[in-house]
Structure formats: C-alpha cells, structure tokens
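Chemist: Dropping the structure in here first, questions after.
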Amino acid sequence: EAHAMTVTVVPADAVPTGALREAFDASLADYLLKFPPFDDAAWRLFVQRQGVDLSLSRAALRGPTVAAFLLATPRTQRRLRIAVMGALPSERGSGVAARLLGDAMDQARGRGAAAGKYRRDAFLSARKRGSMGSATMPR
Numbered sequence: 001e002a003h004a005m006t007v008t009v010v011p012a013d014a015v016p017t018g019a020l021r022e023a024f025d026a027s028l029a030d031y032l033l034k035f036p037p038f039d040d041a042a043w044r045l046f047v048q049r050q051g052v053d054l055s056l057s058r059a060a061l062r063g064p065t066v067a068a069f070l071l072a073t074p075r076t077q078r079r080l081r082i083a084v085m086g087a088l089p090s091e092r093g094s095g096v097a098a099r100l101l102g103d104a105m106d107q108a109r110g111r112g113a114a115a116g117k118y119r120r121d122a123f124l125s126a127r128k129r130g131s132m133g134s135a136t137m138p139r
C-alpha cells in the first residue's frame, strides 16, 4: 500500500521545481474554483506574486513523490503566512497535511515563536471549505 511508505518533510526548495508544480496542479485539479495547470513560467510568476519563500515552505515526500506541500510567505521577521497548502487527492485523509502543519509549528517553536499564536484550527476549517485562506503562523 502506498500509504505504508514513510513520509519525509523537507524544505520546498530541496524539491525539483517540476515535482512541486505538478503536485500543486494535481492537488487543486478537483477544486470548485478551477486553476489551469501551470507551466514553468506561470509557476514562477505565481510563486513570485505570492511572495513565497521556498526555503521556508515545506514539501511532504512519500518516497520520491510530493504528497503534499505548504507554501509560506514571510510577513514580518517573526511571522509567516501560509499562501497555499495542498495534498494529492490520493493523500487526503492520510494525515500527511497534518504532518506538514505539525512540522511548520515545530519550526516556528524552534525559532522562539509562541505556538498559541498559530491559527491552525481556523486554517483547517478554511481548508475543508476549499479556501486557500490566509492563516498566519509564527516564523
């Protein structure tokens, strides 16, 4: 079973751009608001316009496959905004997205941020509605 493979969370800039872009496209393909698949130029423009810092963003790998991702945008020296988060349809309900959020919270705590300031519940609620939300997490 595919879900029996170990999940590894890594900085998103450690993942080939094409693999991250493909996971983004696949994770949003069945959303109510349709996003056209991105080519490389459109992906770079999206990342730039959102202000995403891939070194602060995360990817969850199941084997060599990007199972889920969290793209983060720096807001202040101590805070990040989750620009977008997604999981492959086959990974939904597997716990991989919760693992990404947990990793993000651990990273924030490691930088001295108070975990209570992280709006995980609000973000998860927006995520269930298919919103790409703008929950913040301490940086």
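For the sequence shown, the working numbering begins at 1 and goes up steadily by one.
We treat Cβ as the ideally placed atom computed from N, Cα and C, and that holds for glycine.
Remember, predicted model here, so these are calculated numbers, not experimental data.
1. So, does the segment 83 to 100 touch the segment 58 to 69, judging by three or more C-beta pairs under 8 Å?
2. Can you give me the C-alpha to C-alpha distance between R21 and L71, rounded to a whole angstrom?
3. What did DSSP end up calling A68 once you bin it into helix, strand or coil?
4. For the segment 83 to 95 against the segment 43 to 55, are there 3 or more C-beta pairs whose distance is under 8 Å?
5. Assuming contact is defined by CB atoms lying nearer than 7 Å, are P37 and D25 in contact in what I supplied?
6. Whose C-beta lies closer than 8 Å to the C-beta of D121 among residues of the same chain, with five residues either side of it excluded?
Modeler: Short version:
1. yes
2. In this structure, the alpha-carbon of R21 lies about 11 Å from that of L71.
3. strand
4. Yes, since at least three Cβ pairs between the segment 83 to 95 and the segment 43 to 55 fall closer than 8 Å, the two stretches touch.
5. yes
6. Confidence at D121 is low in this model, with a pLDDT of 49, below 50, so its placement is unreliable and the value that follows should be read with caution. Same-chain partners within the cutoff: there are none.
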